[in-house]
Amino acid sequence: NAGVMQNPRHLVRRRGQEARLRCSPMKGHSHVYWYRQLPEEGLKFMVYLQKENIIDESGMPKERFSAEFPKEGPSILRIQQVVRGDSAAYFCASSPFERPNTGELFFGEGSRLTVL
Amino acid sequence: KQEVTQIPAALSVPEGENLVLNCSFTDSAIYNLQWFRQDPGKGLTSLLLIQSSQREQTSGRLNASLDKSSGRSTLYIAASQPGDSATYLCAVRPAGGKLIFGQGTELSVKP
Numbered sequence: 034n035a036g037v038m039q040n041p042r043h044l045v046r047r048r049g050q051e052a053r054l055r056c057s058p059m060k061g062h063s064h065v066y067w068y069r070q071l072p073e074e075g076l077k078f079m080v081y082l083q084k085e086n087i088i089d090e091s092g093m094p095k096e097r098f099s100a101e102f103p104k105e106g107p108s109i110l111r112i113q114q115v116v117r118g119d120s121a122a123y124f125c126a127s128s129p130f131e132r133p134n135t136g137e138l139f140f141g142e143g144s145r146l147t148v149l
Numbered sequence: 063k064q065e066v067t068q069i070p071a072a073l074s075v076p077e078g079e080n081l082v083l084n085c086s087f088t089d090s091a092i093y094n095l096q097w098f099r100q101d102p103g104k105g106l107t108s109l110l111l112i113q114s115s116q117r118e119q120t121s122g123r124l125n126a127s128l129d130k131s132s133g134r135s136t137l138y139i140a141a142s143q144p145g146d147s148a149t150y151l152c153a154v155r156p157a158g159g160k161l162i163f164g165q166g167t168e169l170s171v172k173p
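Chains as they are written, first to last, in the working numbering: chain L, 34 to 149; chain W, 63 to 173.
Rendered as structure tokens:
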């Protein structure tokens with residue numbers, strides 16, 4: 034049973050370009066969470082999604098950032114017109130459907146975005 | 063607003079010592095608390111999950127306790143080894159699904 038898979042592991046973009054980060058949850062998991070870890074800072078919640086639904090996006094910047102979790106395929110975190118301050122590690126986590134509040138969260142290895 | 067604090071921010075110990083990492087949270091209305099380990103440049107590895115109705119969980123040399131009423135958790139590591147060197151993160155789960163993390167404790171175990 035593969036864990037949470039994130040790709041790309043490393044991504045370099047120039048200012049103004051778009052970054053797309055993908056996350057495939059563990060098999061059987063239908064809840065996905067995205068977190069951002071800035072250098073020397075803790076993990077900050079961004080968005081919580083179920084299949085085809087955004088449940089909580091309170092941690093996601095209102096502009097330039099969007100997330101989706103389609104019925105088929107991975108969850109996507111999209112950052113438009115990237116700026117240097119977007120450079121960070123972006124982590125995805127998943128948990129099982131039947132235990133949305135009490136289930137254990139499993140994290141991927143992260144995608145490290147560098148904006149030049 | 064839930065806030066999670068971890069003390070100390072960094073800790074250096076000689077190999078073989080037993081040690082305790084502390085985590086406190088401001089709102090006791092949580093479903094569970096999870097301890098993670100993060101190695102440099104890597105993802106998070108779940109160590110222990112304590113549900114709100116539980117007092118402690120054990121895995122090998124690790125023991126985590128939870129006192130929900132006082133808003134505290136501790137992670138006890140017995141007979142520390144250089145391979146235990148990493149950042150340890152505590153996270154609580156209030157209603158709503160998401161985990162809220164502390165800043166972490168950076169542990170260094172010297173041979």
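C-beta: ideal position from N, C-alpha, C; glycine also. What you are looking at is a predicted structure, and each value in this text was computed from that prediction instead of being measured.
Following the DSSP letters along the chain, one finds Pro156(W) inside the beta strand (DSSP E) bounded by residues Ala148 to Pro156.
Close to Ile87(L), with beta-carbon spacing below 7 Å, lies no residue of chain W; the smallest spacing is near 12 Å. The beta carbons of Phe124(L) and Leu106(W) sit closer together than 8 Å. Of the candidates Lys172(W), Ala153(W), Val171(W) and Gly166(W), the residue whose Cα lies closest to the Cα of Ser90(W) is Ala153(W). For Tyr68(L), the closest alpha carbon among the candidates Ser91(L), Pro107(L), Ala35(L) and Gly36(L) is that of Ser91(L).
Beyond the five residues adjoining it in sequence on each side, Asn80(W) comes within less than 6 Å, by CB distance, of Ala140 in the same chain, given in chain order. Contact with chain L is found for Ser108(W), since one of that chain's Cβ atoms lies less than 8 Å from the residue's Cβ. Counting along the chain, the unbroken beta strand (DSSP E) around Phe78(L) starts and ends at Leu76 to Gln83. Distance between Lys130(W) and Lys104(W), taken at the CA atoms: about 30 Å.
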